[in-house]
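From first to last, the protein sequence lines stand for chains A and B. Numbered per this note's numbering, the first sequence spans residues 15 to 141. Numbered per this note's numbering, the second sequence spans residues 15 to 141. Glycine included, C-beta positions come from ideal geometry on N, C-alpha and C. The structure appears right after this line, and notes come after that.
There are 2 protein chains.
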Amino acid sequence: MRISEAASTSGLSIDTIRYYEKLGLLPKIGRGSAGRRDFSAENIEWLVLLSSLRETGMPMAQMRQFARLYQQGNETLSQRRAALLDHAAQLEKRRTALDRCAELLAYKLKRYDELAKGCHEDYCRRR
Amino acid sequence: MRISEAASTSGLSIDTIRYYEKLGLLPKIGRGSAGRRDFSAENIEWLVLLSSLRETGMPMAQMRQFARLYQQGNETLSQRRAALLDHAAQLEKRRTALDRCAELLAYKLKRYDELAKGCHEDYCRRR
DNA sequence: CTCTTGACCTAGAGCCACTCCAGCTCGCTA
DNA sequence: TAGCGAGCTGGAGTGGCTCTAGGTCAAGAG
């Protein structure tokens, strides 16, 4: 798979994929004709995972740690499992923050509506 | 209210509050003895709102726009209302991303467990 | 009444995670 | 065989903080 396909499938940008490769977050990527990257199905799956970890706020340092474990093979399954469980817990926290914000927005919107109504009444009263 | 209290109440760091002030995201903040910032209840409420907008991913440019509207007073209520509604829609998208990631994690965890079990069986079979 | 402590101040440098750019090489098709 | 588009590299630029250096000031301890 070409890098452009890898990007559109994973949701990462082409630049970000190259950046991640430079940082060592990706395993060795094969090269095809003219030195172009050629992503395997496993590569893509890994990009998808990285992408959604990053999108949901996993810090880079943790991603690097996780990538190191991945590159060490099946020995590290239980540690990777633990890392994913840990991140799942973070997701819960983020969801809570989202909910709190949604609540705050709902409150503000209600208040705006009341204010607007108030202004309208003032306006009517003035006439 | 002192800046440290403003920070702990809003969830922003002291540095971030000063940074936001420099950018013009805050209205004029009063100064007390020795030139120290003194935040009013309204200031705090505004910080709390900014904080949760930022925490849930509103980009800086939009925050600046929103702050400008806020500083123009009640004329701009309906525009601010629209901005908040818009952000509420963004929250929904983020929630979806979170959910998809949680799903992916659940799938990966299951697969890890199966792999681990497989290894265990291999191990038993080998003995 | 001086000394120390600690919260706050400003200006500016540093950092992280991208993102963009210049200038290049290929492989294709007209 | 000339032009186009996708990809390559190294390096500069950006957004949003975060940290540091080098100060001021107020209040409590001695």
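Excluding residues up to 5 positions away in sequence, Gln104 and Arg108 lie with their Cβ nearer than 7 Å to the Cβ of Gly71(B) in the same chain. For the pair of segments examined, the region 36-51 of chain A was found to touch the region 79-90 of chain A: the number of CB pairs separated by less than 8 Å reaches three.
Using a CB distance cut-off of 9 Å, Tyr126(A) counts as an interface residue toward chain B. In the structure shown, Arg50(B) falls within a coil segment according to DSSP collapsed to helix, strand and coil. Across the structure, Lys124(A) and Lys131(A) are spaced so that their CA atoms are roughly 11 Å apart.
Between the beta-carbon of Ser66(A) and that of Cys115(B) there is about 4 Å, and that keeps the pair under the 8 Å contact cut.
Only those residues of the region 58-70 of chain B whose C-beta falls short of 8 Å from the nearest C-beta of chain A are listed: Val62, Leu63, Ser66, Leu67, Glu69 and Thr70. Using a 10 angstroms sphere on the CB of Asn88(B), the tally of other CB atoms stays under 16, which defines it as exposed. Using a CB distance cut-off of 9 Å, Ala55(B) does not count as an interface residue toward chain A.
A Cβ of chain B is located within less than 9 Å of the beta carbon of Ala130(A).
The residues Gly25, in chain order, have a CB closer than 8 Å to that of Glu69(B) in the same chain once the five nearest residues on each side in sequence are set aside. When beta bridges are read from the DSSP output, Gly44(B) appears opposite Asp52(B). Ala102(B) is a Cβ neighbour of Ala120(A), given a cutoff of 9 Å. Of all residues in the region 103-116 of chain A, the ones placed with a Cβ closer than 8 Å to any Cβ belonging to chain B are Leu105, Arg108, Arg109, Ala111, Leu112, Arg114, Cys115 and Ala116, in chain order.
For Leu26(A), the three-state secondary structure derived from DSSP is coil.
Pairing Gly46(A) with Ser54(A) gives a Cβ-Cβ distance that is not under 9 Å. Closer than 9 Å at the C-beta level to chain B, one finds these residues of the region 85-100 of chain A: Asn88, Leu91, Ser92, Arg94, Arg95, Leu98 and Leu99. Between Leu61(A) and Ala20(A), the C-beta spacing is below 9 Å. Just so you know, the alpha carbons of Arg16(A) and Asp100(B) end up roughly 36 Å apart. Nothing from the region 35-53 of chain B brings a Cβ to less than 9 Å from some Cβ of chain A. With respect to the 9 Å criterion, Thr23(A) and Ile58(A) are classified as neighbours on the basis of their beta carbons. Between Tyr126(A) and Arg51(B) the beta-carbon gap is near 27 Å, outside 8 Å, which marks them as no contact.
Annotation: the continuous alpha helix (DSSP H) that includes Met77(B) extends over Met74 to Gln85.
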